[in-house]
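Using my numbering, the letters of the first sequence map in sequence onto residues 328 to 803.
Glycine is no exception: its CB is placed at the ideal position from the N, C-alpha and C atoms.
In this text the structure is predicted, and so the values were computed from the model without any measurement.
Reviewing the structure listed below.
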Amino acid sequence: MAKNITPRATDYSKWYTDVVIQAKMADYSPVKGSMVIRPNGYAIWELIQKYLDLMFKDTGHVNAYFPLLIPESFMKKEAEHVEGFAPECAVVTHGGGQELEESLYIRPTSETIIWSMYKKWIMSYRDLPILINQWANVMRWEMRTRLFLRTSEFLWQEGHTAHATAEEAEEETLKMLNVYKTFAEEYLAIPVIAGRKSESEKFAGAVHTYSIEAMMQDKKALQAGTSHNLGQNFARAFDVQFQNKEGGRQYVYATSWGVSTRLIGALIMTHSDDNGLVLPPKLAQRPVVIVPIYRKDEEKTKVMAYADALYRELSEKHKVIFDDREQYKPGYKFAEWELQGIPLRIEIGPRDVENNKVVLVRRDTMKKDFVDRQAIAAVVDETLPRMQVEMLERARAFQKANTHKVESFDALKDIISGDGGFVSAHWCGDAACETRVKEATKATIRNIPFDRDEEKGACVCCGKPSEGRVIFSKAY
RNA sequence: CGGGGUGUGGCGCAGCCUGGUUAGCGCACCUGCCUUGGGAGCAGGGGGUCGGAGGUUCAAAUCCUCUCACCCCGACCA
328 MAKNITPRAT DYSKWYTDVV IQAKMADYSP VKGSMVIRPN GYAIWELIQK
378 YLDLMFKDTG HVNAYFPLLI PESFMKKEAE HVEGFAPECA VVTHGGGQEL
428 EESLYIRPTS ETIIWSMYKK WIMSYRDLPI LINQWANVMR WEMRTRLFLR
478 TSEFLWQEGH TAHATAEEAE EETLKMLNVY KTFAEEYLAI PVIAGRKSES
528 EKFAGAVHTY SIEAMMQDKK ALQAGTSHNL GQNFARAFDV QFQNKEGGRQ
578 YVYATSWGVS TRLIGALIMT HSDDNGLVLP PKLAQRPVVI VPIYRKDEEK
628 TKVMAYADAL YRELSEKHKV IFDDREQYKP GYKFAEWELQ GIPLRIEIGP
678 RDVENNKVVL VRRDTMKKDF VDRQAIAAVV DETLPRMQVE MLERARAFQK
728 ANTHKVESFD ALKDIISGDG GFVSAHWCGD AACETRVKEA TKATIRNIPF
778 DRDEEKGACV CCGKPSEGRV IFSKAY
């Protein structure tokens, strides 16, 4: 049906790229691995920023901005962090036509530069907590890149907090993961599984890493957000101590948490179809488009007047596109707006003017309805939030239908190498078992869900006792 | 880094094997007419010297050498 888009069934990966390019969300840049985020894609990011920023502020955080360049020595202060990030960093060695005394790393994440500053700012328990977030770009020299999902440079937000106690840091870590979960579900309409990462999958330098994991339409997992309890690792590395009430000195506890433009990829891969992008209404900067249809001039006059009146009426509450371009026929316009994921389309032709109706088409279901002219504003007001909810429900049903409880290694293998999906299975906690599964199936433990049933069992891999089930899946 | 592939108007491709006049096609673009309820049609038009360098030859998009770039599949990652 849609030209230029490979159907999902033919090649999912190609489909994804086609949607991104055709819907004009992003384009390849002259530099390998980096991309241009075009207005259609950036509009989504702006909405993500807007809503998340409010949620951060509501939980007591403030925004700040730290520099792009980090002295090489900073990057080397935290042992695990160096090991985790150094190989994938871009490094500036020259400036002003001269070789620099000390190389500067382009931030892959900002823990080090931020903690070097926190050292200056934190003296006493009265200075705590520090709850700072920053919206920024970061760079990681990835081997293989994919639009939005993994590019060398990407946009994200990173929260970096400092606390007096371990308990408070843990509470913050979980609180922010929950903010991400709420945001993913209520705004992106993406159901996620919140849980703790296994030791091998945790962030370089963290004590615990928590994540939210989403299922894409090809049944692979996508890590949609992470929140790390960094313990005192960075405080030790940067010697950040404070004086407590009792007069003693102790190291500060840290957290960091982030989501990136990858969420746009998640949004596409969760909801879109073979006709292009499907946006949940809350993520559509312009959720309604009006397409006028006419033949003769007299029809045009009537239709345009009718459509224009409706445009004005709806514009009081919504950002509406009035597609009055003369050079395209209606069919072309339908296809174009579908490709771009506009949630609601209103078609107005001579017949509608005659009958005092309009045609309303939902992007997610593609269902067409004739709606009375008088009722349309109310119907739009009511349909947008309903779409939002139904899209989440649909995605949740899909995730549920493709999550399988298994009791044996063979069953796990069958599912992962067969139909795919999430496998909920017992795991003893041993990294060796995790590795064995990965080597046999390429699936990894996505996380250990918070809401798993308290159920004893036997590890699918080694048979030793397990405290509960974890989620295995192939991931992006 | 391993494997595969591709570089020819803006995009997608043909031509290359078997060198030979003005390098062709589809889409897009411009003008006009005609159309408009699912990506219209007709006519006219603008735009490329074939990724780059070197070589062979009377003659190179085509053959040879070198080189650069990008894409896809794997190992690593938000």
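Considering only residues of the same chain and omitting the five flanking positions on each side of residue i, which have a CB-CB separation below 8 Å?
i      : result
Val618 : Asp650, Pro657, Lys660, Phe661, Trp664, Arg672, Ile673, Glu674, Ile675
Asp345 : Asn331, Ile332, Thr333
Asn505 : Ala521
Lys446 : Phe565, Asp566, Val567
Lys404 : Thr439, Ala564, Phe565
Val419 : Leu396, Leu427, Ser430, Leu431, Tyr432, Ile433
Trp584 : Glu485, Gly486, Thr500, Met503, Leu504, Tyr507, Gly552, Thr553, Ser554, His555
His421 : Leu427
Residue i to residue j, Cα distance in whole Å?
i      : j      : result
Arg779 : Ser751 : 10 Å
Leu594 : Ala541 : 10 Å
Met328 : Val347 : Caution is warranted here: a pLDDT of 49 is assigned to Met328, below 50, making its placement in the model unreliable, and the coordinate value is therefore given only provisionally. Computed Cα separation, rounded: 17 Å.
Ser443 : Met402 : 11 Å
Arg796 : Lys695 : 44 Å
Glu625 : Met631 : 10 Å
Lys783 : Ser538 : 23 Å
Leu396 : Tyr803 : 28 Å
Leu759 : Gly552 : Before going on, a small fix: residue 759 reads as Ala here, not Leu. Their backbone Cα atoms lie some 26 Å apart in a straight line.
Met362 : Gly748 : 30 Å
Pro614 : Lys646 : 7 Å
Trp448 : Ala391 : 14 Å
Glu485 : Pro792 : 38 Å
Asp679 : Asp691 : 23 Å
Leu549 : Ala511 : 12 Å
Gly574 : Glu410 : 36 Å
Pro776 : Gln726 : 14 Å
Gln544 : Thr597 : 6 Å
Gly592 : Pro357 : 21 Å
Thr710 : Ser735 : 45 Å
Smallest Cα separation from residue i: which of the options?
i      : options                        : result
His408 : Thr492, Arg473, Arg563, Ile798 : Arg563
Tyr655 : Tyr638, Arg622, Ser583         : Arg622
Lys732 : Leu431, Pro712, Ala785, Tyr355 : Ala785
Asn682 : Tyr633, Glu643, Ala496         : Tyr633
Trp462 : Val797, Pro394, Lys547         : Pro394
Gly790 : Asp737, Glu498, Asp746, Ser340 : Asp737
Arg523 : Gln544, Ala531, Glu513, Leu501 : Leu501
Val533 : Thr582, Arg639, Tyr339         : Note on identity: in this sequence residue 533 is Ala, with Val being the wrong assignment. Nearest of Thr582, Arg639, Tyr339 to Ala533, Cα basis: Thr582.
Ile459 : His388, Lys801, Asn556         : His388
Tyr578 : Thr628, Pro456, Gly592         : Pro456
Lys572 : Asn774, Thr492, Lys384, Glu643 : Thr492
Lys341 : Asp601, Tyr638, Ile648, Gly756 : Asp601
Glu526 : Met693, Met352, Thr536         : Thr536
For the beta strand (DSSP E) that contains residue i, what are its first and last residues?
i      : result
Asn683 : From DSSP, Asn683 is part of no beta strand (DSSP E); its letter is neither H nor E.
Phe649 : 647–649
Ile775 : 771–776
Thr509 : First-last for Thr509: 493–513, but that is the alpha helix (DSSP H), not the beta strand (DSSP E).
Val519 : 519–523
Lys695 : 695–699
Can you tell me the Cβ-Cβ gap for residue i and residue j, rounded? I've got them flagged as a contact below 8 Å.
i      : j      : result
Ile669 : Ala611 : 6 Å
Glu761 : Ile743 : The Cβ separation is near 14 Å, so there is no contact.
Arg365 : Asp354 : 6 Å
Val707 : Trp754 : Wrong, their Cβ atoms sit about 48 Å apart, outside the cutoff.
Gln559 : Tyr452 : Not a contact, Cβ separation roughly 15 Å.
Could you tell me the boundaries of the alpha helix (DSSP H) in which residue i lies?
i      : result
Glu625 : 624–642
Trp462 : It is not in any alpha helix (DSSP H) - Trp462 instead sits in the beta strand (DSSP E) that spans 457–466.
Arg292 : There is simply no residue 292 to check, as the chain begins at 328 and stops at 803 in what is shown.
Met543 : No alpha helix (DSSP H) holds Met543; DSSP gives it neither H nor E.
Asp741 : 736–744
Val706 : 703–728
Trp448 : 438–448
I'd like the list of long-range same chain contacts for residue i, defined as Cβ closer than 7 Å, with 5 residues on each side in sequence excluded.
i      : result
Ala767 : Lys740
Arg700 : Asn683, Lys684, Val685
Leu590 : Ile375, Leu515, Ala551
Glu350 : The amino acid at residue 350 is misidentified as Glu; the sequence shows Ala. Excluding residues within five positions, the ones whose Cβ falls inside 7 Å are Asn367, Gly603, Leu604, Leu666, Gln667, Gly668.
Gln715 : Ala516, Pro607, Pro608, Lys609
Glu640 : Ala704
Ala417 : Ile433, Met466, Trp468
Glu781 : Gly795
Is it the case that the CB of residue i approaches a heavy atom of the ligand COA more closely than 7 Å?
i      : result
Arg678 : Ligands displayed in this structure: none; no statement on the ligand COA is therefore possible.
Which same chain residues, not among the five before or five after residue i, have their C-beta less than 6 Å away from its C-beta?
i      : result
Arg477 : Glu469
Glu480 : Ser361, Asn464, Met466
Lys769 : Lys801
Lys546 : Asn729, Gly747, Gly748
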